[in-house]
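What follows is a set of notes on a single structure, which appears directly below.
Protein chains: 2
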Amino acid sequence: MREVARRANVSVATVSRALRSPGQVSSATIQKVRSAAEDLGYVYNVTASDILKGRSTVVGLVVPTSSSTLFGETIHGVQDVTAETGFSVIQGATRYDAVTEEALIDSLLERHVHALILTGMTYANEDRIRRLARDGWTRVVVVWEKPGSDPGISYVGIDNRSAAERMTEHLIALGHRRIGLIVGPYSRQARVRHRLEGYRDALEKAGIAFDPDIVMERRPDLLEGREAMDSLMGMEVRPTAVFAASDLLAIGALKAARLRGLSVPGDVSIAGFDDMNFGAYQDPPITTVRVEAYRIGQLAGQIAVEPIGTPERSYCLDCDLVIRSSTGPIKTTP
Amino acid sequence: MREVARRANVSVATVSRALRSPGQVSSATIQKVRSAAEDLGYVYNVTASDILKGRSTVVGLVVPTSSSTLFGETIHGVQDVTAETGFSVIQGATRYDAVTEEALIDSLLERHVHALILTGMTYANEDRIRRLARDGWTRVVVVWEKPGSDPGISYVGIDNRSAAERMTEHLIALGHRRIGLIVGPYSRQARVRHRLEGYRDALEKAGIAFDPDIVMERRPDLLEGREAMDSLMGMEVRPTAVFAASDLLAIGALKAARLRGLSVPGDVSIAGFDDMNFGAYQDPPITTVRVEAYRIGQLAGQIAVEPIGTPERSYCLDCDLVIRSSTGPIKTTP
DNA sequence: CTGTTAGCGCTTTCAT
DNA sequence: ATGAAAGCGCTAACAG
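Chains A and B are the protein sequences, given in the same order. Numbered per this note's numbering, the first sequence spans residues 1 to 334. Numbered per this note's numbering, the second sequence spans residues 1001 to 1334.
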């Protein structure tokens, strides 16, 4: 910038003004400055400006994994909104690991991010985040989970418990009473735990005993879904329906059923969660819970870029069941 | 930091040293400083340090879309490597749009990123990038494409042309002579154009005339694949095999075939590209080209974090055909 | 309209 | 081992 000033025969302050607030400068000077900048290949430095203004125009985004079409939509939502307002997004993946998550959050904080958007926060780091939020150090948005009540923490998510309950009810309504569940590691994530609770709620209402043997706790990916389903289908009294609390798990489960020569939904019904784009392209198309992932990202982004000190704000989005062909009535033994 | 200094009764310089280069400070002082920092909830500011040192510890990563399991793997690779070396990744998606890409690159440059990792650079922005790279302004890594020869630009990718040629040869070897192609927008992306060229190479070698009518140029997603396949299958003389230059397109195509009651590979063979994790979970599992997306990301990350001025370095990874069940011999009309 | 000056949070000489 | 002071690239307040 000093170089530019010298070349244009003006002070650095004028350069700054010419480039950033052209209203205060004569158009002749603006031209001079612009062309000097052009000649020198000058590129403005937002970072320096941030430092001086004691602010930050970066938001940190923490996701479990970057390679999911689902979180991907949320990421898009966040990026679109933040880009409009001149913010950049530093993104990192935890791989469902608390230690990685902590390291990630640390590095984000050291960059003094304006906001932290957290997907699937593990219990391990909750206290720390709460303290940060309470002190107004950064804005904190927790995403994908039903609103809680922590001062300074905003939530954008869905009611996982209710959605899981409704899907389980759907299966019960089809006549199923032995319903397997494949679910993420619920001991660590609220989101997942709530899905388990919803499942149990529905069973209880229908007077079906909860059987821990047919609940599989797995990392949400294709292979784990397949393996879990295989165990389930290998049981002496096997479930007639399986609720996979993620479409990834459901697609894996579908594969396992196919390999065992079981027809879906003839022999066993399979339901998923999330409505990932692939779900409708499976054979049969998968019954699932629609989640507006992009919208969640947008809202999270909007909240994130608000000035520090703006009160927390929470949204709980509705999510509908999408009944496709992977679930059907229980087979009546002839 | 000044606060910490005051509370610990030392100068800011000492605080800086105590926290960042403990070797130069007495352990008593370190303790004092540490506890003062703790009490005040002090968090180090990397950004300020970057400014002062005239460097940047951020790399910019540009991808076509964030919601792809494939680019997701590349992102993971980059993140894992950069995290180890204290870099953060600012990531943005172009959505296959040149204008968005340009805006994104601008914002990255204004943050004075240490390096720019570009996936699927469009022609529109090539000149600009080349100039940047030549001037040593940032490190530039172009990813997913076969190495070219531009001073200052590193490449990490695959030989798209050769891979596409081999897949087409595979189909030809199965007896197919009328082979449809569904491919991304090749007018704008080198990666995609090379796949088209590979396809043509193979046809030519086999003495098959190139027929532009059975080449569909589509955005790589499920729906477009489905629609393109539907057009192809609606033709009077329809192709007996279709090469979809992305697994996303292939899965969409599979759906279209299924809806038309065509058996795969009985009535029509379908091949994909990329080896996305979903491919093996389709029915039938999809024949495809394996691409080591994570490895590509790692290499790109390694090159990116090297000091400015380090010579460019390029890698062209091998990629094997993965023959699954979606391709088979041509049906001999009885 | 434009220049001068001070200073953001940090690190690095250079003294002490 | 510690402190004082200068300075990274930028902007805001104050003069002129």
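Every residue, glycine too, gets a C-beta built ideally from N, C-alpha and C.
{"Asked": "Any idea what DSSP makes of residue 189(A), helix, strand or coil?", "Found": "strand"}
{"Asked": "What is the rounded straight-line gap between the Cα of residue 26(A) and the Cα of residue 131(A)?", "Found": "49 Å"}
{"Asked": "Can residue 233(A) and residue 181(A) be called in contact, C-beta distance under 8 Å?", "Found": "no"}
{"Asked": "Is it the case that the Cβ atoms of residue 103(A) and residue 289(A) are separated by a distance below 8 Å?", "Found": "no"}
{"Asked": "Given a threshold of 16 other Cβ atoms within 10 Å of its Cβ, counted over all protein chains shown, does residue 1116(B) qualify as buried or as exposed?", "Found": "buried"}
{"Asked": "What residues from chain B crowd round residue 53(A), counting only those whose CB sits closer than 8 Å?", "Found": "Within 8 Å Cβ-Cβ: nothing; residue 53(A) doesn't reach chain B, min ~12 Å."}
{"Asked": "Please look up how many angstroms separate the CB atoms of residue 1175(B) and residue 1330(B), rounded, as I've assumed it's under 8 Å.", "Found": "4 Å"}
{"Asked": "Residue 47(A) by DSSP, collapsed to three states: which one?", "Found": "helix"}
{"Asked": "For residue 13(A), count the other beta carbons within 10 Å of its own beta carbon; 16 or more makes it buried, fewer makes it exposed. Which is it?", "Found": "exposed"}
{"Asked": "What residue from 1066(B), 1277(B) and 1008(B) has the CA that sits closest to residue 1039(B)'s CA?", "Found": "1008(B)"}
{"Asked": "Check the C-beta distance from residue 266(A) over to residue 287(A) and give it rounded, since I have them as a contact under 8 Å.", "Found": "About 14 Å separates the two Cβ atoms, so there is no contact after all."}
{"Asked": "Any residues in the stretch 1273-1293 of chain B with a beta carbon nearer than 7 Å to a beta carbon of chain A? Which ones, in chain order?", "Found": "1277, 1278, 1281 and 1283"}
{"Asked": "Quick check on residue 1152(B): does DSSP put it in helix, strand or coil?", "Found": "coil"}
{"Asked": "Using 8 Å as the limit for Cβ to Cβ distance, is residue 88(A) near chain B?", "Found": "yes"}
{"Asked": "If the cut is a Cβ gap below 9 Å, which residues of chain A does residue 1076(B) touch?", "Found": "65, 66, 67, 93 and 95"}
{"Asked": "Would residue 94(A) be called buried (16 or more neighbouring beta carbons within 10 Å of its own) or exposed?", "Found": "buried"}
{"Asked": "Among residues of its own chain, excluding the 5 on either side of residue 1206(B), which ones have a beta-carbon nearer than 6 Å to its beta-carbon?", "Found": "1172"}
{"Asked": "Report the residues of the stretch 1094-1114 of chain B with a CB closer than 7 Å to any CB of chain A, ordered along the chain.", "Found": "1107, 1109, 1110, 1111 and 1112"}
{"Asked": "Under 8 Å, Cβ to Cβ, is there at least one residue of chain A near residue 1079(B)?", "Found": "yes"}
{"Asked": "Entirely within the stretch 1072-1137 of chain B and at least 4 residues each: give me those alpha helix (DSSP H) ranges in chain order.", "Found": "1098-1110 and 1126-1134"}
{"Asked": "Any chance the stretch 1243-1250 of chain B sits against the stretch 1180-1199 of chain B, with 3 or more Cβ pairs inside 8 Å?", "Found": "yes"}
{"Asked": "Assign residue 1273(B) to one of three DSSP states: helix, strand, or coil.", "Found": "coil"}
{"Asked": "For the stretch 1247-1277 of chain B, list every residue whose C-beta sits within 8 Å of some C-beta in chain A, in sequence order.", "Found": "1251, 1252, 1254, 1255, 1258 and 1277"}
{"Asked": "If you measure between the beta carbons of residue 1251(B) and residue 1222(B), is that distance less than 8 Å?", "Found": "yes"}
{"Asked": "Find the nearest neighbour of residue 1297(B) within the set 1170(B), 1332(B), 1062(B) and 1231(B), judged by alpha-carbon distance.", "Found": "1062(B)"}
{"Asked": "Compute the Euclidean distance between the alpha carbons of residue 1211(B) and residue 1291(B), then round it to the nearest angstrom.", "Found": "28 Å"}
{"Asked": "Could you tell me how far apart the beta carbons of residue 1197(B) and residue 1161(B) are, in whole angstroms, since I believe they sit closer than 8 Å?", "Found": "5 Å"}
{"Asked": "Does the beta-carbon of residue 47(A) have 16 or more other beta-carbons within 10 angstroms, so that it is buried, or is it exposed?", "Found": "buried"}
{"Asked": "By a C-beta neighbour count over all protein chains shown, 10 Å radius and 16 as the cutoff for buried, is residue 53(A) buried or exposed?", "Found": "exposed"}
{"Asked": "Examine chain B for any beta-carbon lying closer than 8 Å to the beta-carbon of residue 44(A), and answer yes or no.", "Found": "yes"}
{"Asked": "Judging by CA-CA distance, which residue of 323(A), 35(A) and 72(A) is the nearest neighbour of residue 270(A)?", "Found": "323(A)"}
{"Asked": "Buried or exposed for residue 1031(B), please, with buried defined as at least 16 other CB atoms from any protein chain shown within 10 angstroms of its CB.", "Found": "exposed"}
{"Asked": "Taking Cβ-Cβ distances below 9 Å as the criterion, which residues of the stretch 1121-1147 of chain B are in contact with chain A?", "Found": "1131, 1132, 1135 and 1137"}
{"Asked": "Residue 1206(B) touches chain A at which residues, Cβ-Cβ below 8 Å?", "Found": "Near residue 1206(B) there are no residues of chain A at all, since even the closest Cβ is about 32 Å away, more than 8 Å."}
{"Asked": "For the stretch 177-260 of chain A, which segments carrying the beta strand (DSSP E) assignment without a break, of at least 3 residues, lie completely within its bounds, in sequence order?", "Found": "179-183, 215-217 and 241-244"}
{"Asked": "Considering only the beta carbon of each residue, do residue 1143(B) and residue 1300(B) sit closer than 8 Å?", "Found": "yes"}
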